[in-house]
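Number of protein chains: 2
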Amino acid sequence: MNPDALRGHMDALLLSVLEEKPLHGYAIIEALQERSGGALSVPTGTVYPALRKLERIGHLSSEWATVGGRKRRTYRLTDSGRKQLQGERSAWREFSTVIGSVLRAESAAVS
Amino acid sequence: MNPDALRGHMDALLLSVLEEKPLHGYAIIEALQERSGGALSVPTGTVYPALRKLERIGHLSSEWATVGGRKRRTYRLTDSGRKQLQGERSAWREFSTVIGSVLRAESAAVS
DNA sequence: TGTTCATACGTAGGTAAGCTACACGTAGGA
DNA sequence: TCCTACGTGTAGCTTACCTACGTATGAACA
Numbered sequence: 001m002n003p004d005a006l007r008g009h010m011d012a013l014l015l016s017v018l019e020e021k022p023l024h025g026y027a028i029i030e031a032l033q034e035r036s037g038g039a040l041s042v043p044t045g046t047v048y049p050a051l052r053k054l055e056r057i058g059h060l061s062s063e064w065a066t067v068g069g070r071k072r073r074t075y076r077l078t079d080s081g082r083k084q085l086q087g088e089r090s091a092w093r094e095f096s097t098v099i100g101s102v103l104r105a106e107s108a109a110v111s
Numbered sequence: 112m113n114p115d116a117l118r119g120h121m122d123a124l125l126l127s128v129l130e131e132k133p134l135h136g137y138a139i140i141e142a143l144q145e146r147s148g149g150a151l152s153v154p155t156g157t158v159y160p161a162l163r164k165l166e167r168i169g170h171l172s173s174e175w176a177t178v179g180g181r182k183r184r185t186y187r188l189t190d191s192g193r194k195q196l197q198g199e200r201s202a203w204r205e206f207s208t209v210i211g212s213v214l215r216a217e218s219a220a221v222s
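Chains A and B supply the protein sequences, listed in that same order. Under my numbering, the residue at position 36 of the first sequence is numbered 36, and the numbers go up by one with no gaps. Count along the second sequence from 1, add 111, and you get the number used in my numbering.
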């Protein structure tokens, strides 16, 4: 997977895995990997700054917890984040439709 | 359309509109706009450098022509470009499947 | 004891693709 | 004359993501 392709879709992915339940950063990375069937290996240097940005703009909230002697910062969606996720989803639908229509235009003309 | 979302997909779009027939830069921009139903307004500062890059790496060839007193540089796909387009198409399919599966994971669990 | 791995968070700095804003020029209509 | 459409092109900026690193705990194992 060309990493550049993820540009502009990272927020949607993060919000999406947090929709079901709150998760900490490391678990988010694992969830992305699992949901994508192993295709998405998002490095920590991408995820942690992105989560902080989403918190800063109000789409996520976080709290520290200690589990098994390890400290975790658990993120959860805010109401604003849920709205944002809806927007991201419709933006993705539009985006994939547009790109798909351009890429398939030729084969469509042939068929 | 968030411009960042196009990252990593520009080459695929350009190769795709050139698949049917050779076009010059300005016509490529119009073709993208038309095929996308008006959603894609790619600026010249994106298209011209990208076309030159694709020519430099051998996926396109170009020649100058004068039409109605105006000079145009017309680009056409090379064999290498056609192969690249196939690769870009399958990469797009994989990418959109992966992102789609992550974004729809929640609603899939619900249904 | 120490070494290694999984877990867990974080940042400084680099990369690169696309965009902004411009320059240059022709043709044609108001 | 001015404006718009047509047409190509570049210098420099932005910025989202990545690389490479630092820090730390716990568990397994030799």
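For glycine and all other residues, C-beta sits at the position ideal for the given N, C-alpha and C. The structure displayed is predicted, hence computed values, not measured ones.
Given Lys71 (chain A), which residues of its chain have a CB within under 7 Å of its CB, disregarding the five upstream and five downstream residues? Within the same chain, Lys71 (chain A) has close Cβ partners Trp64.
Under 8 Å, do Arg7 (chain A) and Arg118 (chain B) count as touching if we go by C-beta distance? yes
For Ser173 (chain B), which residues of its own chain have a beta-carbon under 8 Å away from its beta-carbon, when the five flanking residues on both sides are left out? The beta carbon of Ser173 (chain B) sits closer than 8 Å to the beta carbons of Leu162, Glu166, Arg184, Thr185, Tyr186 and Arg187 from its chain, once the five residues preceding and following it are set aside; these are given in chain order.
In chain order, what residues of the same chain lie with their CB nearer than 7 Å to the CB of Glu130 (chain B), ignoring the 5 residues before and after it? Leu188 and Leu196
When the Cα atoms are used, what is the spatial distance from Glu145 (chain B) to Val178 (chain B)? 22 Å
Ile57 (chain A) classed as buried or exposed, judged by whether at least 16 other C-beta atoms fall within 10 angstroms: exposed
Name the one or two DSSP bridge partners that Lys71 (chain A) has. A:Thr66
Going by DSSP, what residue range makes up the alpha helix (DSSP H) through Met121 (chain B)? According to the DSSP assignment, Met121 (chain B) belongs to the alpha helix (DSSP H) that extends over Met121 to Glu131.
Which bits of chain B does Gly45 (chain A) rub up against, with CB to CB less than 8 Å? What Gly45 (chain A) touches in chain B: nothing, since even the nearest Cβ is about 18 Å away.
Our contact map puts Ala12 (chain A) next to Leu214 (chain B) with C-beta atoms below 8 Å; I'd like the distance itself, whole angstroms only. 6 Å
Which of helix, strand or coil does DSSP assign to Arg167 (chain B)? helix
Closer than 8 Å to chain B by CB, Leu40 (chain A): Yes, contact with chain B.
Go ahead and pull the three-state DSSP assignment for Leu188 (chain B). strand
Return the CA-CA distance between Val158 (chain B) and Ala116 (chain B), expressed in angstroms with no decimal places. 16 Å
Using a beta-carbon distance below 8 Å, is Leu165 (chain B) in contact with chain A? Closer than 8 Å: no.
At a CB-CB cut-off below 9 Å, which residues of chain B make contact with Ala91 (chain A)? Neighbours of Ala91 (chain A) across chain B, judged by C-beta separation under 9 Å: Met112, Asn113 and Ala116.
Applying the criterion that 16 or more other CB atoms from any shown protein chain within 10 Å of the CB defines a buried residue, is Gly192 (chain B) buried or exposed? buried
Counting only Cβ-Cβ distances shorter than 8 Å, please list the residues of the segment 78-102 of chain A near chain B, keeping chain order. Among the residues of the segment 78-102 of chain A, those with a Cβ less than 8 Å away from any Cβ of chain B are Glu88, Arg89, Ala91, Trp92, Glu94, Phe95, Ser96, Val98, Ile99, Gly100, Ser101 and Val102, in the order of the chain.
Could you confirm whether any beta carbon from chain A is found closer than 8 Å to the beta carbon of Ser147 (chain B)? So, interface residue.
Would His59 (chain A) pass as an interface residue toward chain B - the criterion being a Cβ-Cβ separation below 8 Å? no
Starting from Arg118 (chain B), trace the alpha helix (DSSP H) in both directions and tell me its first and last residue. Note, Arg118 (chain B): premise wrong, no alpha helix (DSSP H); not H, not E.
What three-state label does DSSP hand Leu196 (chain B) in the structure shown? helix
Beta bridge counterpart(s) of Leu214 (chain B) as assigned by DSSP: Its beta-bridge partners do not exist; DSSP assigns none.
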